[in-house]
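Novice:
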Amino acid sequence: MKTIAFSLPLISLIFLLSAVLSAARSFDYFYFVQQWPGSMCDTKRGCCYPTTGKPEGTFTIHGLWPNFNDGSYPSSCDKNNLYNASKIKDLLPEMQKTWPTLACPRGDGHKFWAHEWDKHGTCSESILDQHSYFQAALKFQKKANLLSILSDAGIAPDGAFYSTKSIIDAFSNALGVLPSVECNWDESRNPQLYQVYLCVDKHAQDFIDCPFYPKRKCAPEIEFPAF
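Just so we're aligned: the sequence shown equals residues -24 to -1, 1 to 203 in mature numbering (1 follows the signal peptide of the UniProt record, and there is no 0).
#1: My output table needs one value for Cys175: the three-state DSSP class, helix, strand or coil.
#2: Rank Cys175, Tyr5, Asn56 and Met71 by C-alpha distance to the C-alpha of Thr98 and give the top, closest one.
#3: Quick one: grab the DSSP three-state call for His38.
#4: Cutting at 6 angstroms between CB atoms, please list the residues of its own chain near Val9, excluding the five before and the five after it.
#5: Between Phe147, Asp46, Leu68 and Ser164, which has its C-alpha nearest Ser156's C-alpha?
#6: Could you please give the first and the last residue of the uninterrupted beta strand (DSSP E) stretch that includes Gln11?
#7: Assign Tyr109 to one of three DSSP states: helix, strand, or coil.
#8: Rounded C-beta distance between Ile143 and Leu169? I'm assuming under 8 angstroms.
#9: Roughly how many angstroms separate the alpha carbons of Lys95 and Cys159, rounded to a whole number?
#10: Nearest CA to the CA of Trp93: which residue from Phe110, Cys80, Pro81 and Lys118?
#11: Which residue wins for smallest C-alpha separation from Cys194, given the options Leu114, Ser51, Ser139 and Pro13?
#12: In terms of residue numbering, what span does the alpha helix (DSSP H) encompassing Phe137 cover?
#13: Quick check: the segment 11 to 22 against the segment 56 to 69, are at least 3 beta-carbon pairs closer than 8 angstroms?
Quick look at the structure:
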């Protein structure tokens, strides 16, 4: 029986090529995630309004995240192309309204946006540069006006409880794709409508049915708190 001997340099080269191919692996789709600020603030942790003032009472952007079809995702793909506010100067007024930070201590949003670009946006560079990335998220927020969709279905942020199915059906009927709804819990442990996941094709053109739905715990009846 013959054995095949590999030289140390060849083995090193194989590992190097494997690492390069893994890093270059293209993502398959985006998650576009919006959150309801009333639910984020109505928790034990609470929230802080940004230095620009209290956000409007609408669903706000959390992020646009590249994902793989198996549910995993790339992260922090290019540390040489970090967030640069000067590249999105024309988008900042709209981002302050529709993509505000609610983290404490209060801030102006740049730390939040830097995190989103550095961790997620840099993994979409083959499709979107920094300006296009943020611009795409703003486009999808307009295209999926979640509060308006719920209002048309008779579902309002009035502190009442609604069936999770009715909320999902409202989004699905209006957008033509099936979303995923994530809940959080207030201090009394009531489940609340917190985040809505929609999937976007890898070229950031339109919504698609999700290849993989994130597993999120939710109750059959959930609260839609005021903000």
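Glycine included, every Cβ here is placed at the ideal spot set by N, Cα and C.
These numbers come from a predicted model, not from an experiment.
Specialist: Judging by the given coordinates:
#1: strand
#2: Asn56
#3: strand
#4: His38, Gly39, Gln171 and Tyr173
#5: Phe147
#6: Tyr5 to Gln11
#7: helix
#8: 6 angstroms
#9: 23 angstroms
#10: Phe110
#11: Ser139
#12: It is not in any alpha helix (DSSP H) - Phe137 instead sits in the beta strand (DSSP E) that spans Phe137 to Ser139.
#13: no
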